[in-house]
Each structure stands twice: as structure tokens, then as C-alpha cells.
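When we follow our numbering, the leftmost residue of the sequence shown carries the number 291, and every step to the right adds one.
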Amino acid sequence: VQLQASGGGLVQAGGSRRLSCVASGKILSLDDMGWYRQVPGKQRELVAKIARGGTTNYADSVKGRFTISRDNTKNTVYLQMNSLKPEDTAVYYCSTKYGSGMDAWGQGTLVTVSS
């Protein structure tokens, strides 16, 4: 399974951005899908994840501002980011679990929020 993330870029504080991540390859079924982010010098952290059935979990720092969703027919996960803050600046990675506990990661897409 390969993941291709897109949608990163430069946005002003208070603005919005939508990230997309498409899975391809030999896909029978994708389980949990999620978005993580990482800034230099810090560990990668979970931003949001969504189960195949739609149950979601969010980091406290993004609750109420970010929304994760998925389209199982397109093997795609989205992250709608609103009310962006400079501290949201990071490389965002998508990930999915599939098969018997396998993990796949996208290449990362940079989101820069200017103040």
C-alpha cells in the first residue's frame, strides 16, 4: 500500500487548508487512517485518526478546529484544518493500518502558517 498526501502550503493565521491522502496498491481493506505531524526537534504526534466505520479521535490541540474524514470508495482520507495557528506549522503525514497490523505512511506535506 502506498500513500500520497497533498494539500500543504502557506496559509495565514486564521485561514483554512484541506489535506488529502490517497492510498493505492493491493488494497483489500483499510483500517484506521490518520494524520500525524512533526516539527524539527520534536517527535511525530497524532493529529487525528478515523476508523473505517467513522469513529474519530483528535489531539486536544486541534479539537474544534480540524475535521478528519474518509471516503472508503476512494481509499482517501482528508483533514480539513480551520482557524489555523502558527503552532500548527509542521510536516503532516498520513498513515493507514491495513491487513494484519501493517502500517503505511505517506511522504509528508508541509503546512506553514504565517502570523
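All residues carry an ideal CB built from backbone N, CA and C; glycine is no exception.
Computed from a predicted model, the values in this text were never measured in an experiment.
- Message: To the nearest angstrom, how far is the alpha carbon of Met371 from that of Ser390?
- Response: Rounded to the nearest angstrom, the two C-alpha atoms are 31 Å apart.
Quiz prompt | Three-state class that DSSP yields for Asp378 in the structure shown | solution = In this structure, Asp378 counts as helix in the three-state DSSP scheme.
Worksheet item: Do the region 368-388 and the region 334-348 touch if we need at least three Cβ pairs shorter than 8 Å?
Response: Yes, since at least three Cβ pairs between the region 368-388 and the region 334-348 fall closer than 8 Å, the two stretches touch.
Count the other C-beta atoms from every protein chain shown that fall within 10 angstroms of the C-beta of Thr386, then say buried if there are 16 or more, exposed otherwise. Buried, because 16 or more other Cβ atoms sit within 10 Å of the Cβ of Thr386.
How would you write the range of the beta strand (DSSP E) that Ile358 sits in, first residue to last?
Phe356 to Asp361 is the span of the beta strand (DSSP E), which, as asked, contains Ile358.
| said: Checking 7 Å against the spacing of the C-beta atoms, do Val291 and Ala313 come in under that value? | reply: In this structure, Val291 lies near Ala313, with their beta-carbon atoms less than 7 Å apart.
*Name the residue from Asn365, Arg307, Asp321 and Ala295 whose alpha carbon lies nearest to the alpha carbon of Asp378.*
Measuring from the Cα of Asp378, the nearest candidate turns out to be Arg307.
Subject >> As assigned by DSSP and simplified to three states, the class of Thr393 >> reply: A small correction: the amino acid at residue 393 is Asp; Thr does not occupy that position in the sequence shown. For Asp393, the three-state secondary structure derived from DSSP is strand.
*Verify whether the separation of the beta carbon atoms of Gly298 and Leu374 is less than 7 Å.*
No. Outside cutoff.
Original post:
Looking at Met323 and Val367, is the spacing between their C-beta atoms short of 7 Å?
Top reply: A Cβ-Cβ contact shorter than 7 Å links Val367 with Met323.
Please state whether the Cβ-Cβ distance between Val403 and Ala295 is less than 7 Å.
Not in contact: Val403 and Ala295 (Cβ atoms no closer than 7 Å).
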